[in-house]
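Its first residue numbered 1157, the sequence shown is counted upward by one per residue in this note's numbering.
Backbone N, C-alpha and C fix where the C-beta goes; we use that ideal spot for every residue, glycine too.
The structure appears below as structure tokens.
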Amino acid sequence: MTDIKTAPLYRTIWRWHFYAGLFVIPFVLLLSLTGAAYLFKPQLDRWQERGWRGLPAAERVDADAQVAAALATYPGASFHYYRIPAAPGDAAVVHLALPGGGMRDVAVSPRGRVVGAADPDARISAWLARIHSSLLIGRAGGLLVELAASWAIVMILTGLYLWWPRGRGAAGVVWPRLSLGGRAALRDLHAVTGFWVSGLALVLLLTALPWTDVWASGFRTVRAEMGWVAGAPDWKGGADPHAAHDHRAMAMAAPAAAPAGVPLATIVLRARSEALPPPVIVQPPGAPNLFGPPNGDVWTLTTQTQNRPLVRKVGYDPATGIEVSRSGFADKHVIDRIVGIGIAWHEGALFGMVSQLIGVATALALVTLAISGFLLWRRRKPEAALGAPPLPRDPARLRGVAAIILLLAGLLPLLAASLILLWIVDWLVIPRLPRLARWLGVRALA
């Protein structure tokens, strides 16, 4: 009976798993750690604003006076939104676009005094988000992250194939045999951790795709062509000019001045009856949004909560204060609702602290996978070679692998491009370079 580990399919999938793991390990470590920290964005933002709470609340001024105080501190700035205080002693946050570009969150006390200001891009959560999404190097970094995510999906799927019990007992499959010590215990730790975290990791990777560049652009095109559109999507990604939260573009977009009529303070009073989850904001007519095109000529009441199923918007006529529009999560197309739920899960917001803790556990498991995989490679790596599993002798018998590759490539465009490049290098270039071929293990099995 043929040993499964010498079969062409097993060898090929093992080789794919090896290359995928070697490429994604640095990304897995970085993205897991930054992602785990970003899960606590609400707590981080609240900690950074700790000096804006517990202020004297006697002799309060209204919201319009607070906005006027913020604008007086930054002459020439444009008013983009007013964040309603969550508690009586909290400062209101007035979000301004500065005349030279950039933005400020200006904290104004209940008495109407400016008590602080912050650059939204300088927040810890914003810094973590930029590392997590683009490695701090812009679009090129975003493409690298998307490519790494695509290969991480390959790594998990091939890892599950290699883990498959094939008649073995539960030991080393469902729980690690750490008592074995050495390489055997490390292999079990790697395999079993991979099995338990695979589902959660795949959900994290798949829910990240709408935020990417190439995949998201294709998704937006398909979404439009198929008629899966009901309002603007509330996530960034792809080539949509309104998709990204571009602070510079938002700063240059000055909202239209509200006509004389209903003041901001009246809209703030209306907000109390809506019971929106914080942070709750009121935007003036024409104000730019985090996602999607600018608002129309209405006062807009909404929330910036990351739990997208709870988001809704209410529009008020600026001259009369009459409600003119209302939309919520249920009004979106089912595809957008699925994406919104996925993103809320990805950001640890769907079930509050429970989602955050599950996200941290997933990140720690992925870090364990990355470190144990690296140590396994170092232990089996030959002195003068990379240690990749050898290519199978008969590539003609790999129709199943070809079908899997075509399926994955069709779903993940950057993976498709990298697969073509890897195939060219693996089969056409490296075999013509004997030393490099020996180091990479490209030679066929004897």
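What residues are listed by DSSP as bridge partners for residue i?
| i | result |
| --- | --- |
| Y1194 | Beta-bridge pairing links Y1194 to no other residue. |
| W1331 | A1327 |
| W1455 | Y1472 |
| V1516 | V1516 is not bridged to any residue. |
| G1484 | R1468 |
Reducing DSSP to helix, strand and coil, say where residue i ends up.
| i | result |
| --- | --- |
| L1252 | strand |
| A1593 | helix |
| A1600 | Only weak support is given to the placement of A1600: the predicted model assigns it a pLDDT of 43, under 50, and the value that follows is read from those uncertain coordinates. Three-state DSSP puts A1600 in a strand. |
| Y1237 | strand |
| I1437 | strand |
| D1277 | helix |
| R1260 | strand |
| V1424 | helix |
| V1490 | helix |
| P1397 | Bear in mind that a pLDDT of 44 at P1397, under 50, signals an unreliable position, so the model cannot answer this. |
| V1385 | coil |
| S1265 | coil |
| E1479 | strand |
| G1298 | helix |
| A1414 | Low local confidence applies: a pLDDT of 49 at A1414 is under 50, so the model's placement there is unreliable, and no value is given. |
| V1604 | Residue 1604 is absent from the structure shown; the chain starts at 1157 and stops at 1602. |
| G1442 | coil |
| Y1166 | helix |
| R1286 | helix |
| T1314 | helix |
| G1355 | helix |
| L1567 | helix |
| V1585 | helix |
| G1498 | helix |
| A1226 | helix |
Identify which residue in the options has its Cα closest to the Cα of residue i.
| i | options | result |
| --- | --- | --- |
| V1470 | T1476, I1423, V1490, P1435 | I1423 |
| G1504 | L1316, L1356, L1299 | L1356 |
| L1564 | F1183, P1545, L1362 | L1362 |
| H1288 | R1239, H1502, P1212, R1322 | H1502 |
| R1536 | S1574, A1521, R1339 | R1339 |
| W1352 | L1577, G1452, A1519 | A1519 |
| P1590 | S1574, A1248, L1567, A1541 | A1541 |
| E1430 | P1450, A1221, L1457, L1596 | L1457 |
| A1213 | L1200, Y1230, V1510, A1243 | A1243 |
| L1532 | L1165, W1172, G1177, T1168 | G1177 |
| G1387 | P1449, L1420, E1381 | P1449 |
| W1595 | P1546, L1575, P1434 | P1546 |
| S1290 | R1279, E1302, S1281, I1280 | E1302 |
| P1433 | A1573, Q1462, V1370 | Q1462 |
| W1391 | T1368, D1261, G1245 | T1368 |
| D1202 | L1254, A1274, L1189 | The residue asked about is misnamed: residue 1202 is Arg in this sequence, not Asp. Checked all of L1254, A1274, L1189; the closest Cα to R1202 is A1274. |
| Q1439 | H1173, L1187, V1250, S1188 | V1250 |
| P1198 | R1379, W1319, S1281 | S1281 |
| L1211 | A1573, G1245, I1478, R1493 | G1245 |
| A1304 | Q1512, Y1166, L1186 | L1186 |
Hey, would you say residue i sits closer than 8 Å to residue j, going by beta carbons?
| i | j | result |
| --- | --- | --- |
| I1309 | F1530 | no |
| V1271 | A1225 | no |
| L1677 | S1306 | Residue numbering for the chain in the displayed model covers 1157 to 1602; residue 1677 lies beyond these limits and cannot be assessed. |
| W1384 | I1491 | yes |
| Q1460 | I1437 | yes |
| P1366 | G1337 | no |
| P1241 | A1233 | no |
| V1480 | V1454 | yes |
| L1506 | Y1238 | no |
| L1195 | G1515 | yes |
| V1348 | W1371 | no |
| R1216 | R1267 | yes |
| A1341 | R1333 | yes |
| W1319 | G1350 | yes |
| R1171 | A1544 | yes |
| S1188 | V1495 | no |
| P1569 | G1256 | no |
| I1561 | L1575 | yes |
Assuming the contact rule is C-beta atoms closer than 8 Å, residue i and residue j should be a hit. Round their C-beta distance to whole Å, please.
| i | j | result |
| --- | --- | --- |
| S1528 | L1345 | 5 Å |
| P1465 | F1485 | 5 Å |
| A1517 | V1184 | That pair is no contact at about 15 Å. |
| M1259 | P1276 | 5 Å |
| H1173 | P1444 | Contact flag wrong, Cβ pair sits at about 45 Å. |
| T1314 | I1169 | 5 Å |
| R1426 | Y1472 | 7 Å |
| Q1204 | R1269 | Not really, about 20 Å apart at Cβ, beyond 8 Å. |
| P1441 | P1474 | 6 Å |
| L1284 | T1190 | 5 Å |
| R1493 | S1483 | About 13 Å separates the two Cβ atoms, so there is no contact after all. |
Mind checking if residue i is an interface residue toward chain B, Cβ cutoff 8 Å exclusive?
| i | result |
| --- | --- |
| E1215 | Any reference to chain B falls outside this structure, which holds one protein chain only. |
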